[in-house]
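Have a look at the structure below before the remarks.
Residue numbers (full-length UniProt numbering): 1 to 286.
Written out as structure tokens, the structure reads:
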């Protein structure tokens with residue numbers, strides 16, 4: 001099956017699932033509790049399509065087609081109105097938007113403004129002297145411990161908010177870049193992972209703006225981006241260089257938070273005795 005055929009099949013499947021979800025929500029509602037007039041002869045449970053259309057201020061025919069799973073598009077404003085009419089909670093609203101092929105604006109804004117929780121801060125600090133950092137999908141640095149800052153030779157807290165990102169630092173910060181021992185190997189892998197993550201956020205202005213900044217800031221990034229390589233995130237040994245301790249081999253271990261594709265905790269563990277001694281020297285220095 002061609003990629004186009006797969007995409008068409010997926011779109012049709014999502015449309016049918018959207019229609020099923022809308023019908024299920026509509027039939028679960030009590031019209032009396034919503035202040036609608038009691039009708040003696042209701043042939044279907046819950047609300048009628050006409051009533052949902054009226055509450056959402058959309059056309060009856062159009063809403064009927066949407067519930068039937070036809071291939072029609074709805075704006076974010078219209079989807080929000082339908083979610084309100086159907087009394088959807090937060091999870092149900094996000095699900096509705098996802099089935100319609102969109103991201104709920106409130107969810108997007110919440111992710112863009114997300115901050116590190118106090119509990120995660122405690123966890124990061126307790127991992128010292130093992131270097132640890134928390135990143136979101138876009139590789140923004142949500143938090144890190146002192147061992148990671150010393151390993152990467154960068155004081156993240158002094159950087160502007162828009163520069164606290166591993167992709168940005170990799171191509172625009174000399175200290176961060178010099179800490180990566182095998183740059184020529186790691187660099188294209190990072191770009192390939194970023195492209196794979198970007199595929200889930202096409203059209204998201206936060207991601208699109210950040211990509212534009214990367215493309216404008218680095219010819220090396222532009223050239224690598226044009227290869228169109230994709231790579232998944234995995235646990236692996238990475239090599240670092242510290243001006244006082246020399247070369248280190250550290251195994252990167254990844255853990256994700258509860259939400260699907262949530263924030264990612266990266267912890268680096270020495271892969272040999274020499275690297276363990278070097279890491280100890282880095283983290284114990286005044």
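Virtual Cβ for every residue (Gly too), placed ideally from N, Cα, C.
Predicted model, so just to flag it, every value in this text is computed and none were measured.
Sorted by chain position, which residues of the same chain lie with C-beta nearer than 7 Å to residue i's C-beta, five sequence neighbours on each side aside?
| i | result |
| --- | --- |
| residue 17 | 99 |
Which of helix, strand or coil does DSSP assign to residue i?
| i | result |
| --- | --- |
| residue 279 | helix |
| residue 206 | helix |
| residue 63 | helix |
| residue 139 | coil |
| residue 238 | strand |
| residue 131 | coil |
When the Cα of residue i is compared with those of the options, which residue comes out closest?
| i | options | result |
| --- | --- | --- |
| residue 246 | 93, 26 and 153 | 153 |
| residue 57 | 71, 79, 67 and 46 | 79 |
| residue 136 | 270, 268, 263 and 283 | 263 |
| residue 190 | 60, 204 and 228 | 228 |
| residue 22 | 198, 84, 119 and 148 | 84 |
| residue 139 | 203, 211 and 89 | 211 |
| residue 248 | 275, 222 and 255 | 275 |
| residue 19 | 54, 63 and 67 | 67 |
| residue 234 | 244, 199 and 256 | 256 |
If you draw a straight line from the C-alpha of residue i to the C-alpha of residue j, how long is it?
| i | j | result |
| --- | --- | --- |
| residue 74 | residue 24 | 19 Å |
| residue 115 | residue 160 | 15 Å |
| residue 175 | residue 215 | 20 Å |
| residue 144 | residue 184 | 25 Å |
| residue 284 | residue 209 | 39 Å |
| residue 266 | residue 124 | 10 Å |
| residue 112 | residue 52 | For residue 112, the predicted model reports a pLDDT of 49, less than 50, meaning its position is unreliable; a value from the coordinates is still stated below. Between residue 112 and residue 52, the C-alpha separation is close to 32 Å. |
| residue 146 | residue 128 | 7 Å |
| residue 172 | residue 218 | 8 Å |
| residue 226 | residue 220 | 10 Å |
With a CB to CB cut of under 6 Å and the five nearest residues on each side skipped, what residues in its chain are close to residue i?
| i | result |
| --- | --- |
| residue 195 | 230 |
| residue 101 | none |
| residue 182 | 239 |
| residue 169 | 176 |
On the DSSP letters alone, give me the boundaries of the alpha helix (DSSP H) that residue i sits inside.
| i | result |
| --- | --- |
| residue 201 | No alpha helix (DSSP H) contains residue 201, which DSSP labels as neither H nor E. |
| residue 175 | 174 to 178 |
For residue i, report the span of its beta strand (DSSP E) as first-last.
| i | result |
| --- | --- |
| residue 29 | From DSSP, residue 29 is part of no beta strand (DSSP E); its letter is neither H nor E. |
| residue 227 | First-last for residue 227: undefined, no H or E at that position. |
Less than 8 Å between C-beta atoms, sequence neighbours within five positions excluded: which residues of the same chain meet that for residue i?
| i | result |
| --- | --- |
| residue 46 | 26, 27, 28, 29, 30 and 31 |
| residue 148 | 131, 132, 133 and 268 |
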